[in-house]
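Peer 1: Quick one: this structure, given as structure tokens, is what I'll be asking you about.
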Ligand SMILES: [Zn+2]
Ligand SMILES: [Zn+2]
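Residue numbers (this note's numbering): 1 to 371.
Set out below in structure tokens:
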């Protein structure tokens, strides 16, 4: 983390003789205006980090003394590195710097709304082209009557008596390691710090009501069975201004009666009779675009594989398509009548090795069918 070269007193806007309380106050004021949650300035995050660093140095006696005497170089010589921190919410940050509740920020601890799960079912052909579905679901929204406060219009929620409006209860216990302060959400007000004395009649004081909503869900081409589409911010309303949850729509792709999907490829089989295979024929095969004719030459062997390039599923959020593979199965008669038996016996008499001469082994073809 880069260390600021700017004067820390200047950054906080305090004099070199400022006491601890003044420094805290200045930092608190600056952090509240500069925090990227609040500030729209493009360099807000950078300035905020500088201010945090200045506060870190000036709020501790040792580092402040080092800085007063030797400046930035003195700090680095003394092994000081600014704490690196993830830029969380302002409340979390104050919590981390000052311990729980020093500035009463966590009074308004807001909770993110719950997520909603929904499910839709589509056909394989729709999975190939992409589709749109209307998904109805009940969602919790802020109550319009009380603007989410839960208090009857004309009244205000009051500070919770149990926690004095802090939203959290602290418990100090003595341990071998010294005093431990444990803090937990106040059960009387669920951590909100406020209680509603006169509840809004439309939401029973919860500040939230249930609404039926419909979302138009865009299903992208190539989606796989069981995949989820996340629609951010359309879930249940958050408590006390927290952001809304998300909607997760799980997509089920109905099995096709004749096409089996393997990744982005499609697979089907075609049954020929023994004589069709020997004489050659034209068959209808299922594809995503409906039935298609496929010509099979005389002498088609069982296990013969036809690959229809680019006839498979599109690649999800990518380019190109898979293939469709058609595997030939040859049916051998199971029951023969007298005449059929005689005909086949005659045929067998007249057949020679040449009749069955192969150019590629059956096993090779079967192997290539499964790649
Ligand atoms: Zn209400
Ligand atoms: Zn309380």
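No residue lacks a Cβ here, since even glycine has one placed at the ideal position from N, Cα and C. Here the structure is a predicted model, which means the values were calculated and not measured.
Is residue 154 near ligand 1, with its Cβ less than 7 Å from a heavy atom?
Peer 2: By one-based count along the chain shown, residue 154 stands at place 154. Answer for residue 154: no, Cβ out of range of ligand 1.
Peer 1: Quick one: residues in its chain with C-beta nearer than 7 Å to the C-beta of residue 149, no 5 flanking neighbours on either side, listed in chain order?
Peer 2: Counting from one through the chain shown, the residue named residue 149 turns up at place 149. Same-chain partners within the cutoff: 157, 207.
Peer 1: Using the beta carbon as the reference atom, which residues fall closer than 5 Å to any heavy atom of ligand 1, ordered along the chain?
Peer 2: Having a Cβ closer than 5 Å to some heavy atom of ligand 1 are 143, 145, 146, 200, 202, 203.
Peer 1: Between the C-alpha atoms of residue 100 and residue 171, what's the straight-line distance to the nearest angstrom?
Peer 2: The residue you call residue 100 lines up with position 100 of the chain shown. The residue you call residue 171 lines up with position 171 of the chain shown. Low per-residue confidence applies at residue 100: pLDDT is 37, beneath 50, and the placement is therefore not dependable, though the value from the model is reported in the following sentence. Distance between the alpha carbons of residue 100 and residue 171 is about 12 Å.
Peer 1: So if I measure from each beta-carbon to every heavy atom of ligand 2 and keep distances below 5 Å, which residues remain?
Peer 2: After applying the 5 Å Cβ criterion, the set is 160, 162, 163, 186, 188, 189.
Peer 1: Does the Cβ of residue 347 have 16 or more other Cβ atoms within 10 Å, making it buried, or fewer, making it exposed?
Peer 2: Numbered from 1 along the chain shown, position 347 holds the residue referred to as residue 347. Burial call: exposed.
Peer 1: From residue 305 to residue 274, what does the alpha carbon distance come to, in whole angstroms?
Peer 2: Your numbering for residue 305 matches position 305 in the chain shown. Your numbering for residue 274 matches position 274 in the chain shown. Cα to Cα, the separation comes out at about 17 Å.
Peer 1: In angstroms with no decimal places, state the Cα-to-Cα distance between residue 376 and residue 47.
Peer 2: Not covered by the structure: residue 376. The range shown for the chain is 1 to 371.
Peer 1: Figure out for me which residue from 71, 147, 44 has the closest Cα to the Cα of residue 16.
Peer 2: Within the chain shown, residue 16 is the residue found at index 16, counting from 1. With distances taken between Cα atoms, residue 16 lies closest to 71.
Peer 1: Measuring CB to CB, does residue 194 end up less than 8 Å from residue 161?
Peer 2: As a first step, residue 194 must be located in the chain shown, where it is residue number 194. As a first step, residue 161 must be located in the chain shown, where it is residue number 161. No. Outside cutoff.
Peer 1: Near residue 107, what residues of its chain come up, given a Cβ to Cβ distance below 7 Å and the 5 sequence neighbours on each side ignored?
Peer 2: Taking the first residue of the chain shown as position 1, residue 107 is located at position 107. Because residue 107 sits at a pLDDT of 39, beneath the cut-off of 50, its placement in the model cannot be relied upon, and the following sentence gives the value as read from the coordinates. Contacts found: 165, 166, 167, 193.
Peer 1: Would you list the one or two residues that DSSP bridges to residue 185?
Peer 2: In the chain shown, residue 185 corresponds to position 185, counting from 1. For residue 185, which the question treats as bridged, DSSP gives the partners 168.
Peer 1: Let me confirm a value: residue 11 is counted as buried when at least 16 other C-beta atoms fall within 10 Å, else exposed. Which label applies?
Peer 2: Within the chain shown, the letter at position 11 stands for residue 11. So residue 11 counts as buried.
Peer 1: Look at the alpha carbon of residue 143 and the alpha carbon of residue 209, and state the distance between them as a whole number of angstroms.
Peer 2: For the purposes of this step, residue 143 is taken as the residue at position 143 of the chain shown. For the purposes of this step, residue 209 is taken as the residue at position 209 of the chain shown. One C-alpha to the other measures close to 5 Å.
Peer 1: Going by the beta-carbon positions, is the gap between residue 310 and residue 321 smaller than 8 Å?
Peer 2: As a working mapping, residue 310 is identified with position 310 in the chain shown. As a working mapping, residue 321 is identified with position 321 in the chain shown. Cβ atoms of residue 310 and residue 321: closer than 8 Å.
Peer 1: Give me the Cβ distance between residue 279 and residue 298, rounded to the nearest whole Å; I'm assuming they're in contact under 8 Å.
Peer 2: Counting from one through the chain shown, the residue named residue 279 turns up at place 279. Counting from one through the chain shown, the residue named residue 298 turns up at place 298. At roughly 6 Å, the Cβ-Cβ gap stays under 8 Å, so residue 279 and residue 298 are in contact.
Peer 1: Quick one, are the C-beta atoms of residue 141 and residue 211 less than 8 Å apart?
Peer 2: The count along the chain shown starts at 1 and reaches residue 141 at position 141. The count along the chain shown starts at 1 and reaches residue 211 at position 211. Yes, Cβ-Cβ distance for residue 141 and residue 211 is below 8 Å.
Peer 1: Tell me which residues share the same chain as residue 323 and place their Cβ nearer than 7 Å to its Cβ, disregarding the 5 neighbours each side in the sequence.
Peer 2: Sequence index remark: in the chain shown, residue 323 carries index 323 (1-based). Once the five neighbours on either side are set aside, the close Cβ partners of residue 323 are 265, 307, 308, 309, 310, 311, 312.
Peer 1: Considering residue 161, what are the terminal residues of the alpha helix (DSSP H) in which it resides?
Peer 2: Residue 161 sits at position 161 when you count from the first residue of the chain shown. Counting along the chain, residue 161 falls outside any alpha helix (DSSP H), and DSSP gives it neither H nor E.
Peer 1: Would residue 353 be called buried (16 or more neighbouring beta carbons within 10 Å of its own) or exposed?
Peer 2: Counting from one through the chain shown, the residue named residue 353 turns up at place 353. Classification of residue 353: exposed, given that the 10 Å Cβ count is below 16.
Peer 1: Within 10 angstroms of the Cβ of residue 191, are there 16 or more other Cβ atoms? Answer buried if so, exposed if not.
Peer 2: Taking the first residue of the chain shown as 1, we reach residue 191 at position 191. Label assigned to residue 191: buried.
Peer 1: For residue 21, does the count of other Cβ atoms within 10 angstroms reach 16, so buried, or fall short, so exposed?
Peer 2: Here residue 21 is taken as the residue at index 21 of the chain shown, counted from 1. Answer is exposed; the Cβ neighbour count stays below 16.
Peer 1: Taking 8 Å as the cut-off, does the region 244-258 touch the region 334-346 (at least 3 CB pairs, one atom from each stretch)?
Peer 2: In short, these stretches do not touch, since the Cβ pair count stays below three.
Peer 1: In the DSSP assignment, what residue or residues form a beta bridge with residue 306?
Peer 2: Working through the chain shown from its first residue, we reach residue 306 at position 306. Partner(s): 326.
Peer 1: For residue 128, I'd like the list of residues in its chain whose CB is within less than 7 Å of its CB, leaving aside the five on either flank, ordered along the chain.
Peer 2: What you label residue 128 is simply residue 128 of the chain shown in a count that begins at 1. The answer, listed in chain order, is 221, 288, 313, 314.
Peer 1: So, at 8 Å on beta carbons, what are the nonlocal neighbours of residue 228 in its own chain, with the 5 sequence-adjacent residues on each side left out?
Peer 2: Counted from its first residue, the chain shown places residue 228 at position 228. Cβ neighbours of residue 228 beyond the five flanking positions: 248, 249, 250, 251.
Peer 1: If you run the structure through DSSP and keep just helix, strand and coil, what is residue 18?
Peer 2: Your numbering for residue 18 matches position 18 in the chain shown. If DSSP states are grouped into helix, strand and coil, residue 18 belongs with coil.
Peer 1: Alpha helix (DSSP H) containing residue 68: first to last residue?
Peer 2: To locate residue 68, count along the chain shown from 1; it is residue 68. Note, residue 68: alpha helix (DSSP H), 61-77.
Peer 1: What are the uninterrupted segments assigned as alpha helix (DSSP H) that are 4 or more residues long and contained completely in the region 109-153, given in chain order?
Peer 2: Whole alpha helix (DSSP H) segments, 4+ residues: 124-129.
Peer 1: Would you list, in sequence order, the uninterrupted alpha helix (DSSP H) runs of no fewer than 4 residues that lie entirely inside the region 242-304?
Peer 2: The region 242-304 contains these whole alpha helix (DSSP H) runs: 274-279.
Peer 1: Can you tell me the Cα-Cα spacing of residue 113 and residue 231, whole angstroms?
Peer 2: Taking the chain shown and counting its residues from 1, one reaches residue 113 at position 113. Taking the chain shown and counting its residues from 1, one reaches residue 231 at position 231. C-alpha separation (whole angstroms): 14 Å.
Peer 1: So, at 6 Å on beta carbons, what are the nonlocal neighbours of residue 118 in its own chain, with the 5 sequence-adjacent residues on each side left out?
Peer 2: Along the chain shown, one-based indexing puts residue 118 at 118. Cβ within range, chain order: 135, 137, 249.
Peer 1: Taking only the alpha-carbon atoms, compute the straight-line gap between residue 237 and residue 111 and give it to the nearest angstrom.
Peer 2: Position 237 of the chain shown, counted from the start, is the residue given in the question as residue 237. Position 111 of the chain shown, counted from the start, is the residue given in the question as residue 111. Distance between the alpha carbons of residue 237 and residue 111 is about 9 Å.
Peer 1: Rounded to whole angstroms, what's the CA-CA distance from residue 109 to residue 186? Just pull it up for me.
Peer 2: What you label residue 109 is simply residue 109 of the chain shown in a count that begins at 1. What you label residue 186 is simply residue 186 of the chain shown in a count that begins at 1. Because residue 109 sits at a pLDDT of 48, beneath the cut-off of 50, its placement in the model cannot be relied upon, and the point is left open.
Peer 1: Check residue 101 in the structure and name its three-state DSSP category.
Peer 2: Translated into positions along the chain shown, residue 101 becomes position 101. Low per-residue confidence applies at residue 101: pLDDT is 39, beneath 50, and the placement is therefore not dependable enough to give any value.
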